[in-house]
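Note that the sequence shown covers residues 2 to 133 in the working numbering.
Right, one structure below, let's go through it.
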Amino acid sequence: MRALAGALFALSLAACATSAPPPGNVHLAGTSWLRVDDLDANPHGATMSFTAEGASGETGCNRWFSAVTQNGEALRFGNIGTTRRACLTGMQADTERNLLQALRATRYAHYDQDALVLLDEQQTVIARFNAQ
Numbered sequence: 002m003r004a005l006a007g008a009l010f011a012l013s014l015a016a017c018a019t020s021a022p023p024p025g026n027v028h029l030a031g032t033s034w035l036r037v038d039d040l041d042a043n044p045h046g047a048t049m050s051f052t053a054e055g056a057s058g059e060t061g062c063n064r065w066f067s068a069v070t071q072n073g074e075a076l077r078f079g080n081i082g083t084t085r086r087a088c089l090t091g092m093q094a095d096t097e098r099n100l101l102q103a104l105r106a107t108r109y110a111h112y113d114q115d116a117l118v119l120l121d122e123q124q125t126v127i128a129r130f131n132a133q
């Protein structure tokens with residue numbers, strides 16, 4: 002009888018416990034990131050911050066903003082817009098062009114230790130960000 006009571010007690014505790022999110026869940030709202038795979042090109046780097054409404058950040062020259070669609074690891078940036086500062090040549094322009102291309106190509110995101118990794122349709126890494 003004691004064994005049965007102990008088992009029932011343990012089972013009731015387990016039923017009340019919260020479960021960890023399944024692997025593959027990427028929770029982005031409220032996070033901010035600095036692109037680290039492009040720091041050699043521009044030490045000021047590109048940034049990205051997520052809210053419940055979308056994403057925004059710095060391209061290395063201009064500010065950018067976007068709607069975001071996310072389902073688990075599936076991630077898409079839509080209607081990407083930027084401010085229009087004149088950064089037509091040099092390192093800032095290259096950093097901006099590379100970031101915007103990566104955002105347009107993004108189809109997936111996952112965490113790799115403390116980094117946020119963006120992947121394209123073939124799940125090839127296209128950008129890597131560290132938490133700010």
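Idealized CB from N, CA, C, for every residue including glycine.
Please read these numbers as outputs of a predicted model, since none were measured by experiment.
Applying the 10 Å Cβ sphere with the 16-neighbour rule, what's the burial state of residue i?
i: Gln124; result: exposed
i: Ala110; result: buried
i: Ala56; result: buried
i: Asp113; result: exposed
i: Ala128; result: buried
i: Pro24; result: Caution is warranted here: a pLDDT of 46 is assigned to Pro24, below 50, making its placement in the model unreliable, and no coordinate value can be reported.
i: Ala1; result: Shown here, the chain extends from 2 to 133; a query on residue 1 therefore has no answer.
What residue does the alpha helix (DSSP H) around residue i start on, and which one ends it?
i: Gly91; result: 91-106
Name, in chain order, the residues that DSSP records as bridge partners for residue i.
i: Gly79; result: Ala68
i: Gly58; result: Trp65
i: Ala1; result: The question about residue 1 has no answer, for the chain in this structure spans 2 to 133.
i: Arg36; result: Phe130
I need the boundaries of the beta strand (DSSP E) containing residue i, first residue and last residue.
i: Ala110; result: 109-113
i: Leu29; result: Premise fails: Leu29 is in no beta strand (DSSP E) and is neither H nor E.
i: Thr48; result: 48-51
Give the C-beta separation of residue i and residue j to the nearest angstrom, bearing in mind that I take them to be a contact with Cβ-Cβ under 8 Å.
i: Thr52; j: Arg77; result: With 8 Å as the limit, Thr52 and Arg77 do not qualify as a contact, their Cβ atoms being about 16 Å apart.
i: Asp115; j: Asn131; result: 6 Å
i: Gly58; j: Thr70; result: In fact, because the Cβ distance is near 17 Å, the residues do not count as touching under 8 Å.
i: Thr96; j: Thr60; result: 7 Å
At least 3 beta-carbon pairs within less than 8 Å: the stretch 81-93 vs the stretch 46-53: no
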